[in-house]
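Trainee: Please see the structure below; I have some questions.
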Amino acid sequence: MLKSIRAKRAATIVGATLSASILCMSQAFAWSGDWNGPGGGGAGDISFSSNTTASWDFTVIDTKSDGYCTRMKIIVDRPYWTDVPLYQTNYACGYQKATHWKDSYSTTGGTKMRSLKLQQCRIHSNGDDETCSQVAQVSNPKY
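Heads up: take any position in the sequence shown, counting from 1, add 791, and you land on the numbering used here.
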């Protein structure tokens, strides 16, 4: 009987520890990858902490020597509401020049975030003549 109680207690502790570990690992992480698009490329991570909040950490690189710059644009996909565009403000300008974009966004008014659409953009250094192409769409696992 004593062994049975100890075995049950040990199984409960192991099960709780494993469940907590899985919960911590899957709590926020959603995507890690790289991409190429008009005028540049990059790599980074996206995490979702809830069905309304996302954060990202990107390195964006200008891969062309054409006099244009590159930047990222994120479209926040909100079902039944207007999508929200978010723009990287610091451009990567010059062949093999890189910038870093680390930020987060939370929806308001009870709207949920279904996904983030990543767009790589080629843009003139004065902000004119922007061309963007979607390079990835990351679904929110908390949605």
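Every residue, glycine too, gets a C-beta built ideally from N, C-alpha and C.
Source: prediction; values computed, not measured.
Taking the alpha-carbon of D874 as reference, which of D894, Y886 and S906 has the nearest alpha-carbon?
Mentor: It is S906 whose Cα lies nearest to the Cα of D874.
Trainee: Any contact between the stretch 913-927 and the stretch 886-894? By contact I mean 3 or more CB pairs, one from each, below 8 Å.
Mentor: They do not touch, by the three-pair rule.
Trainee: When DSSP labels each residue in this structure, what does M816 get in the three-state scheme?
Mentor: Annotation note: pLDDT 47 at M816 (below 50); position unreliable, no value reported.
Trainee: Excluding sequence positions up to five away, which residues of its chain have a Cβ less than 7 Å from the Cβ of S812?
Mentor: Legend: pLDDT at S812 = 39, less than 50; position of this residue unreliable, value from coordinates given subsequently. So the list is empty, once near-sequence residues are dropped.
Trainee: Determine the extent of the beta strand (DSSP E) in which Y878 is found, giving its start and end residues.
Mentor: It spans V875 to Y878 - the beta strand (DSSP E) in which Y878 sits, taken as one unbroken run.
Trainee: Would DSSP call M863 helix, strand or coil?
Mentor: Note: M863 maps to strand in three-state DSSP.
Trainee: Between the Cα of V926 and those of I865, A821 and R869, spot the shortest distance and give me the residue it belongs to.
Mentor: When only C-alpha atoms are compared, the closest one is I865.
Trainee: Tell me the DSSP bridge mates of A834?
Mentor: Note: A834 sits in a beta bridge opposite D825 and T850.
Trainee: Who pairs with V929 in a beta bridge, going by DSSP?
Mentor: Per DSSP, L907.
Trainee: Could you tell me if S817 is buried or exposed, where buried requires 16 or more neighbouring beta carbons within 10 angstroms of its beta carbon?
Mentor: Only weak support exists for where S817 lies, its pLDDT of 48 falling under 50; the value from the coordinates is given anyway. Looking at its Cβ environment, which holds fewer than 16 other Cβ atoms inside 10 Å, S817 is exposed.
Trainee: Of the choices D848, M863, W872 and D857, whose alpha-carbon is the least far from that of M904?
Mentor: It is W872.
Trainee: With which residues is Y882 paired in a DSSP beta bridge?
Mentor: DSSP output for Y882 lists no bridge partner at all.
Trainee: Within a Cβ cutoff of 8 Å, which residues of the same chain sit near W938, ignoring the five residues on either side of it in sequence?
Mentor: Shown here, the chain extends from 792 to 934; a query on residue 938 therefore has no answer.
Trainee: Rounded to a whole number of angstroms, what is the C-alpha to C-alpha distance between T880 and R862?
Mentor: One C-alpha to the other measures close to 8 Å.
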